[in-house]
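The structure appears below as structure tokens.
There are 2 protein chains.
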Amino acid sequence: MLDLLHRYWEATNYLAACQIYLQANPLLKEPLKAAHIKPRLLGHWGTSPGLNFIYVHLNRLIRQTQASMLYICGPGHGAPALLANAYLEGTYSEIYPHITQDEAGLNLFFRQFSTPGGIPSHVSAHTPGSIHEGGELGYSLAHAFGAVFDHPDLIAVCVVGDGEAETGPLAGSWKSVEFLNPRRDGAVLPILHLNGYKISGPTVMARMSDNALENLFAGHGYEVLFVEGDDPMEMHALMAGALDLAYAQITEIRQGAARHWPMIILRSPKGWTGPKEWKGKAIEGTFRAHQVPLTDVKNDPAQLALLEEWLRSYHPETLFDADGKLIASLAALPPEGEKRMSAIPYANGGKLLKDLDLPDFRRYALPVVKPGELTAETTVEAGKLLRDVFLANTNFRLFCPDETNSNRLGAVFEVTNRMTAETILPEDDHLSADGRVMEVLSEHLCQGWLEGYLLTGRHGIFPCYEAFVTIIDSMFNQHAKWLKTCRELPWRQSVASLNYLLTSHSWRQDHNGYSHQGPGFIDTVVNKKSNVIRIYLPPDANCLLSVLDHCLRSRDYVNLIVAGKQPELQWLDMDSAIQHCTHGASVWEWAGNNDDGQPDVVLACAGDVPTLETVAAAWLLRKHLPSLKVRVVNVVDLMSLSPRESHPHGMEPERFSALFTDTQPVIFAFHGYVRIIHDLVHGRPDPVRFHVRGFMEEGTTTTPFDMVVLNNMSRYHLAMEAIKRVKGIEGTAVLELFKAKLAEHDAYIREHLEDMPEISNWKWSD
Amino acid sequence: MLDLLHRYWEATNYLAACQIYLQANPLLKEPLKAAHIKPRLLGHWGTSPGLNFIYVHLNRLIRQTQASMLYICGPGHGAPALLANAYLEGTYSEIYPHITQDEAGLNLFFRQFSTPGGIPSHVSAHTPGSIHEGGELGYSLAHAFGAVFDHPDLIAVCVVGDGEAETGPLAGSWKSVEFLNPRRDGAVLPILHLNGYKISGPTVMARMSDNALENLFAGHGYEVLFVEGDDPMEMHALMAGALDLAYAQITEIRQGAARHWPMIILRSPKGWTGPKEWKGKAIEGTFRAHQVPLTDVKNDPAQLALLEEWLRSYHPETLFDADGKLIASLAALPPEGEKRMSAIPYANGGKLLKDLDLPDFRRYALPVVKPGELTAETTVEAGKLLRDVFLANTNFRLFCPDETNSNRLGAVFEVTNRMTAETILPEDDHLSADGRVMEVLSEHLCQGWLEGYLLTGRHGIFPCYEAFVTIIDSMFNQHAKWLKTCRELPWRQSVASLNYLLTSHSWRQDHNGYSHQGPGFIDTVVNKKSNVIRIYLPPDANCLLSVLDHCLRSRDYVNLIVAGKQPELQWLDMDSAIQHCTHGASVWEWAGNNDDGQPDVVLACAGDVPTLETVAAAWLLRKHLPSLKVRVVNVVDLMSLSPRESHPHGMEPERFSALFTDTQPVIFAFHGYVRIIHDLVHGRPDPVRFHVRGFMEEGTTTTPFDMVVLNNMSRYHLAMEAIKRVKGIEGTAVLELFKAKLAEHDAYIREHLEDMPEISNWKWSD
């Protein structure tokens with residue numbers, strides 16, 4: 001049995017190596033020539049044999065146990081191995097029929113790898129069986145745990161490279177077992193693959209003793225099984241034994257009979273079975289095996305000969321028949337149908353996706369009779385909707401760094417709890433082993449778990465402090481790239497969108513101050529491919545409810561929602577809110593003044609705090625300069641400002657002109673950095689007339705109104721800017737009055753340490 | 001002695017609590033009234049008594065040993081404690097003379113805390129003795145290690161909160177001991193403070209057994225000393241003993257007599273010595289002690305009475321004399337002068353900063369005789385300069401995630417090595433215990449170490465893959481905020497700038513593909529306060545040398561440099577390069593065509609790949625449409641495009657018009673996302689005439705030229721856009737020709753898997 005398995009491993013290694021080198025002669029039927037070699041050698045050999053080794057052994061275990069296993073490949077550039085297995089299992093040809101199971105298909109399969117118009121060297125979305133791209137390192141383990149939450153039948157085998165094990169996010173992921181309920185969730189089997197080197201240097205963990213590693217992972221809650229060596233047949237026996245033990249232990253944990261989760265540490269040579277050395281310098285087992293181990297084969301006959309010797313060492317003529325088909329005894333080895341790790345539905349999560357059973361969001365409507373009269377905490381209302389989502393669904397989780405209450409979403413605790421697998425004490429608040437609120441003080445884990453959860457066919461939301469969500473900028477980048485690529489692959493089924501809810505936002509960090517003030521995540525999101533990103537700034541609770549409902553129903557997007565959590569004035573009744581959100585942006589006629597189709601000035605706003613200041617500015621102007629024709633435009637869907645050719649939500653030119661005119665000055669108060677608006681209106685009629693105010697990196701611990709003053713976005717600043725921009729208006733006296741008001745604010749706040757009552761109690765309906 | 005120390009601790013706790021509550025009656029000379037309470041109660045009590053406890057015990061150790069100690073406060077909102085100590089030591093009044101050592105000063109000291117115009121609740125730059133703001137959690141330990149590299153006399157005591165211990169970056173920081181040389185560097189003493197709870201939930205580590213913690217940290221290389229309990233006097237004895245042991249062990253390690261570094265785990269109640277309970281619900285020792293433990297003291301007389309009881313439990317009348325001065329027996333306890341942790345020069349690193357001894361960068365000039373003829377790897381030349389910086393200086397380090405060679409900076413290994421404290425094997429490449437190249441596969445550690453290194457008065461550089469530097473977006477945000485705040489504090493001395501060198505950039509990820517393609521870090525940097533950020537895109541080696549020299553001499557900035565590492569055409573001789581970089585942007589007359597002061601079209605570019613395509617586009621136009629007047633403008637200093645009022649490097653209107661005209665179309669090829677340019681030209685004459693091409697999220701594993709084709713930024717795309725934008729030009733035939741060329745490219749690459757020779761071998765001088 002292990003002998004056959006070894007032969008299968010050789011077939012995968014042969015395929016991995018050939019993908020890097022060959023563009024012809026795929027079965028080595030003739031002597032290897034320079035012409036058979038690709039013009040540019042791109043790819044990574046070092047990690048591949050180890051990945052193949054693990055894969056073929058998991059195949060054996062799956063056939064033996066009929067377990068459902070998901071292979072998460074942490075190491076970067078591991079595609080040659082995963083592709084080789086997907087090809088040998090037949091999945092690859094099922095999905096990409098032009099890559100046939102014969103010599104011609106094999107040749108195309110090799111040729112497409114890491115070539116223009118081909119496929120990447122990472123385990124990308126193109127790779128069947130994958131939910132995880134190894135290009136940016138550190139997220140494999142978080143993805144693995146996310147995948148098994150609420151999937152009791154699944155075992156995610158997560159290969160962690162010793163390079164990525166050095167990253168912070170990976171180091172912080174081991175603790176995920178503290179959030180795994182063996183009775184409700186599946187299992188993760190981490191396989192730490194120590195092959196010694198990164199690009200050039202040794203890895204930290206590879207230089208640690210077994211004893212130190214055993215201690216470290218015991219501390220994390222794992223029992224380590226070591227598989228170490230370089231003799232293939234000895235290693236096969238060791239690995240098979242370790243996997244049997246690990247599987248038995250997982251079964252015991254599920255039955256409550258064991259306490260510690262198993263993990264495997266595999267120490268094997270980098271570039272195992274590849275060329276041993278070149279010109280006296282060792283390759284196998286060193287950093288020189290990391291990428292292409294022999295780089296000059298096209299020009300150097302001696303290198304070419306060594307390459308041929310290496311490739312023939314796998315005896316391809318005994319692995320494939322004359323037509324290029326894997327021989328029957330080997331083809332019988334891997335599991336069948338959806339048990340193949342390359343074809344498992346969990347790795348194409350849309351196949352398992354069920355719509356959420358969503359309550360009618362109108363049910364949570366705030367009774368707004370008149371704009372600017374009622375005060376409410378906007379996200380509290382969203383919390384009630386989320387509570388009822390939890391009530392009706394078991395395929396939904398909320399991920400948050402210990403801020404669910406702080407974000408005013410506490411209503412969810414009426415029906416679920418914070419999840420922990422640890423001891424619970426009497427003083428603990430809403431903590432249980434079967435909660436579906438995942439609170440961990442790690443934005444990386446929240447994001448990684450959620451990605452794994454979504455990509456395996458479930459739904460979720462990530463409420464986060466606005467300034468700190470930039471911690472996962474790069475993870476978001478990678479997820480957005482994954483979604484964009486999936487859209488180009490018809491066989492990838494749609495998954496639920498990733499929903500961010502930034503409620504503790506930059507303008508209301510009254511007690512947290514400057515370190516908590518930063519709206520830069522909008523900039524990160526706005527740069528991504530327009531077919532995968534959506535950005536919403538609902539100004540009040542009814543708009544938030546409408547937006548949230550829309551986002552929870554959507555697919556294949558990243559939805560960024562920024563909304564306030566502090567008590568704030570409410571503007572729209574539910575019908576108006578729905579209409580407003582459907583349009584993305586509209587004129588708020590009740591807030592403006594005498595607009596007969598050609599206002600003197602447009603006051604535009606996006607975001608709850610800018611909306612308050614804008615409506616107040618319009619109110620001030622109406623009071624003090626009643627002859628000025630002021631129009632107020634509110635933008636809830638930020639991308640609606642974009643030209644239609646840049647984003648599918650972009651407004652047609654006619655609608656843009658109807659809102660903003662073609663000629664009149666626009667004073668735009670924006671939640672984020674001003675440059676976003678400068679960009680979005682580039683190409684619109686006379687963009688220079690857009691005068692944007694936003695966060696200009698002025699912040700500290702202070703009152704809400706002082707924050708908008710510090711950033712020149714207060715109602716007085718906006719009103720003064722409007723007066724200055726309208727030609728021919730006599731506004732000197734009013735300008736002086738507003739300037740005096742700002743001075744009064746300054747004096748008042750230093751004396752009383754709070755906002756002037758006329759500011760903090762201001763209502764539009766006054 | 002411990003009794004006196006206990007009294008001192010009570011003084012610090014009293015000061016911490018009063019900062020949260022009082023605006024009058026600072027010594028409680030009269031009964032506490034509602035009027036003495038601040039109108040808004042902001043601040044965090046929970047963490048403060050533990051931080052104070054550690055502080056006063058370190059004071060004892062410093063007095064005993066005369067050691068130099070830096071207190072790094074990891075937990076967020078720990079300022080009440082650190083401020084209390086700085087005040088009692090007198091440092092605070094030395095720096096802020098209006099906060100006097102008497103009753104009036106005490107009152108101002110309380111009143112300013114977390115109030116408008118006052119100071120933040122985090123250990124911000126305002127706090128004497130700090131190099132680390134706890135607002136965003138996870139970086140304390142990395143900062144601590146960065147601070148002690150090359151500072152053999154320093155011990156950085158790093159208090160790690162159990163909340164932040166859950167973050168990925170912190171979890172990944174423990175391994176820093178593997179990069180510490182006890183003979184050359186100082187020591188870090190981590191104190192893991194387990195007080196049980198985050199905002200609402202328990203922390204993972206607080207629920208772990210001592211045994212599990214001991215295993216975990218043994219795995220990381222530490223020997224744990226436990227200090228656990230809630231009885232103050234017992235805890236004082238335990239803590240004093242643990243610190244003596246830890247100090248002795250550090251001394252032994254330095255002498256080579258011990259192997260494992262010590263660390264302390266302090267388990268103490270959250271909100272220790274604060275109110276025990278309110279209305280039957282426990283406060284002390286629970287999450288309810290996290291922020292303000294009694295929130296309604298202004299309205300509820302019973303709560304006010306409990307607050308008074310709490311504050312009087314410290315017996316302020318026995319701690320301060322009638323004038324409000326700390327009594328002499330207590331004032332004698334802390335260390336003196338620069339041994340005070342609040343006054344130690346390491347925490348105001350500019351005091352220790354020595355200029356780098358820099359070689360003349362002109363010495364490394366490439367001999368560019370004619371533009372676009374010589375091919376060279378731009379960063380290789382920078383590597384030679386960096387090599388000689390290492391030769392002449394011991395206060396400089398390079399931090400990089402295992403990519404120094406990959407970034408073509410390998411020349412540094414002629415004079416220094418990768419640093420490791422672990423075993424070195426014969427096959428290892430340039431690895432030693434005294435290297436100053438810090439390679440660890442963690443962008444978080446690179447950034448955190450470098451920040452710690454810079455803020456304690458040294459110099460450094462962080463070369464990074466462009467797409468992956470966004471991993472530390474949020475750390476950069478916090479550092480930029482720190483620098484901005486320091487500029488507003490005259491007592492903070494200037495420190496060396498933080499220099500990023502992004503050489504493996506988005507356009508040349510030929511083998512890595514889409515996951516490695518993303519220029520978003522520019523967007524993150526450009527949003528920060530203009531007085532702390534600089535962005536450079538040198539198009540060739542001589543420009544890079546000029547920019548690098550400038551950056552290494554600069555102070556208090558973040559300098560972002562994006563430059564290519566692949567073989568590429570060189571444009572400017574050294575004199576021209578210096579002139580070009582000094583201007584920030586200039587016309588490249590040799591690249592244009594018949595420009596008599598009013599070109600038909602301006603081709604502008606920023607970044608090495610856009611520059612190549614732009615120069616080639618101008619060449620194509622000259623060849624095929626010789627009558628068209630084309631001007632080429634290259635931008636090396638991105639912020640020079642900005643209006644002067646937005647950035648100090650911004651061009652005056654006259655210069656902008658001289659380069660770009662006021663009316664002619666500008667085709668702008670940009671390294672990053674187009675929106676940056678859209679924003680920078682907003683407000684310039686007729687911005688709509690700027691047609692920007694940049695990275696539009698189209699990428700994969702492909703050839704360099706195919707990448708620019710995929711993103712519509714190839715020489716043909718730029719030339720076609722120019723033809724389309726110039727009115728009255730007969731360009732149909734040329735447009736067709738260029739379209740055919742693009743089709744030819746497409747066919748060629750699918751056949752040959754590489755770029756057409758006429759593209760890959762193109763030289764401007766042809």
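Chains A and B, in that order, are what the protein sequence lines are.
Going by the UniProt record's numbering, the first residue of the first sequence is number 1, and it counts up by one from there.
Going by the UniProt record's numbering, the first residue of the second sequence is number 1, and it counts up by one from there.
Glycine residues also receive a C-beta, built at the ideal position from the N, C-alpha and C atoms.
Secondary structure of A/P643 (DSSP, three-state): strand. Interface annotation, A/E439: in contact with chain B, CB-CB separation under 7 Å.
It is roughly 18 Å from the alpha-carbon of B/P463 to the alpha-carbon of B/H143. When the five nearest sequence neighbours on each side are left out, the beta carbons in the same chain lying within less than 8 Å of the beta carbon of B/L311 are those of Y14, A17, C18, Y21, L28, L32, in order along the chain. Within the stretch 41 to 83 of chain B, the runs of alpha helix (DSSP H) at least 4 residues long that lie entirely inside it are, in chain order, 48 to 65. Collapsing the DSSP output to three states places B/P262 in a strand. Under DSSP, B/Y222 takes part in a beta bridge, and its partners are B/W261.
The continuous beta strand (DSSP E) containing A/Y500 extends over residues 498 to 502.
The Cβ of B/E338 sits no closer than 7 Å to any Cβ of chain A. In the three-state reduction of the DSSP assignment, B/V666 falls in the strand class.
For A/V630, the enclosing beta strand (DSSP E) stretches over residues 630 to 635.
Pairwise C-beta distances place the stretch 610 to 630 of chain B out of contact with the stretch 642 to 658 of chain B, as fewer than three of them are shorter than 8 Å.
For A/G672, there is no enclosing beta strand (DSSP E), as DSSP gives it neither H nor E. Contact annotation: in the stretch 696 to 713 of chain A, residues whose CB is within less than 9 Å of a CB in chain B are M696, E697, E698, G699, T700, T701, T702, T703, D706. Look at A/R387: its C-beta is not under 7 Å from any C-beta on chain B. Chain B places a beta carbon closer than 7 Å to that of A/E754, counting this residue as a contact.
A straight line joining the alpha-carbon of A/I729 with that of A/A740 spans about 20 Å. Rounded to whole angstroms, the gap between the alpha carbons of B/R555 and B/I533 is 11 Å. Rounded to whole angstroms, the Cβ separation of A/P519 and A/H671 is 6 Å, and the two are in contact under 8 Å. Listed in chain order, the non-local C-beta contacts of A/V412 below 7 Å within the same chain comprise G383, L386, R387, F390, L398, T404, V437, local neighbours out to five positions each way being set aside. With contact defined as three or more Cβ pairs closer than 8 Å, the stretch 573 to 590 of chain B and the stretch 536 to 553 of chain B are in contact.
Rounded to the nearest angstrom, the gap between the Cα atoms of A/G76 and B/E277 is 53 Å. For B/V525, the uninterrupted alpha helix (DSSP H) segment begins and ends at 521 to 526. Sequence-ordered contacts of the stretch 655 to 677 of chain B with chain A read Y673, R675 [C-beta pairs closer than 7 Å].
Here B/V369 is exposed, its C-beta having fewer than 16 other C-beta atoms within 10 Å. Restricting attention to beta strand (DSSP E) runs no shorter than 3 residues, the stretch 449 to 495 of chain B encloses them at 459 to 464, ordered along the chain. When C-alpha distances from A/H260 are compared across A/Y71, A/K270, A/K298, A/W174, the shortest belongs to A/W174. Comparing C-alpha distances from B/C486 to each of B/I265, B/I471, B/N348, B/L358 shows the shortest one belongs to B/N348. For the C-beta of A/L431, the chain B residues within less than 8 Å are, from N- to C-terminus, G201, P202. Counting along the chain, A/Y536 sits inside no alpha helix (DSSP H); it lies in the beta strand (DSSP E) bounded by residues 533 to 536. Around the CB of B/M233, fewer than 16 other CB atoms lie within 10 Å, so the residue is classed as exposed. When C-alpha distances from B/R7 are compared across B/H36, B/P26, B/L366, B/N52, the shortest belongs to B/N52.
Along the stretch 529 to 594 of chain B, the beta strand (DSSP E) occurs as fully enclosed runs of 3 or more residues at 533 to 536, 558 to 562, 567 to 569, 585 to 587, listed in sequence order. A/S497 sits away from A/N407, with the two beta carbons spaced by 7 Å or more.
Around the C-beta of B/I327, fewer than 16 other C-beta atoms lie within 10 Å, and the residue is accordingly described as exposed.
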